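Visitor: Okay, handing you the structure first.
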Amino acid sequence: EGITLPTNSKSIDLKKHKELLFDTDLILTLTNKHKQQIFNLNGEISADIFTFREFAGENGDIKDPSMKGTKGFRKARDEIKECIIQGLEKWFHKETINSILKK
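The numbering used here applies: residue 23 is where the sequence shown begins, and numbers increase by one.
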């Protein structure tokens, strides 16, 4: 079934843009498989690499929403948002997080 993406949506094939991996401090992935694929691209990446769930202090993957339609993408979006909030709360005060999210 899939989903029709807007014309301004972005997709990046990291195999063609490995340089993006070297100019970052943190990489978050949906799944452990995605995380392993990044490790396999080049062993010299110095960024911290976590799945979204690991970043939030949890186990497991967020299911890849491709071929799940709009409902699947919304579910993944909500899970990603929650994981990011939980992960940031480990490093910042809640008030700081709330002010960032309101912008």
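Ideal Cβ placement from N, Cα and C applies to all residues, glycine included.
Here the structure is a predicted model, which is why all the values come from computation and not from measurement.
1) Please look up how many angstroms separate the CB atoms of ILE84 and ILE49, rounded, as I've assumed it's under 8 Å.
2) Can you name the start and end residues of the beta strand (DSSP E) that ILE71 belongs to?
3) So for LEU42, helix, strand or coil by DSSP?
4) Can you tell me which of the three DSSP states ILE67 falls into?
5) What are the boundary residues of the beta strand (DSSP E) that ILE49 is part of?
Guide: If we stick to the structure as given:
1) Locating residue 84 in the sequence shown gives position 62, counting from the first residue. Locating residue 49 in the sequence shown gives position 27, counting from the first residue. That belief does not hold up - the Cβ atoms of ILE84 and ILE49 are roughly 15 Å apart, past 8 Å.
2) Residue 71 sits at position 49 when you count from the first residue of the sequence shown. Run containing ILE71: 70–73, per the beta strand (DSSP E) assignment.
3) Here residue 42 corresponds to residue number 20 of the sequence shown, with the count starting at 1. Look at LEU42 here: in three-state DSSP terms it is helix.
4) For the purposes of this step, residue 67 is taken as the residue at position 45 of the sequence shown. In the structure shown, ILE67 adopts coil according to DSSP, grouped into three states.
5) Residue numbering aside, residue 49 sits at position 27 when the sequence shown is read from its first letter. Its beta strand (DSSP E) spans residues 48–51.
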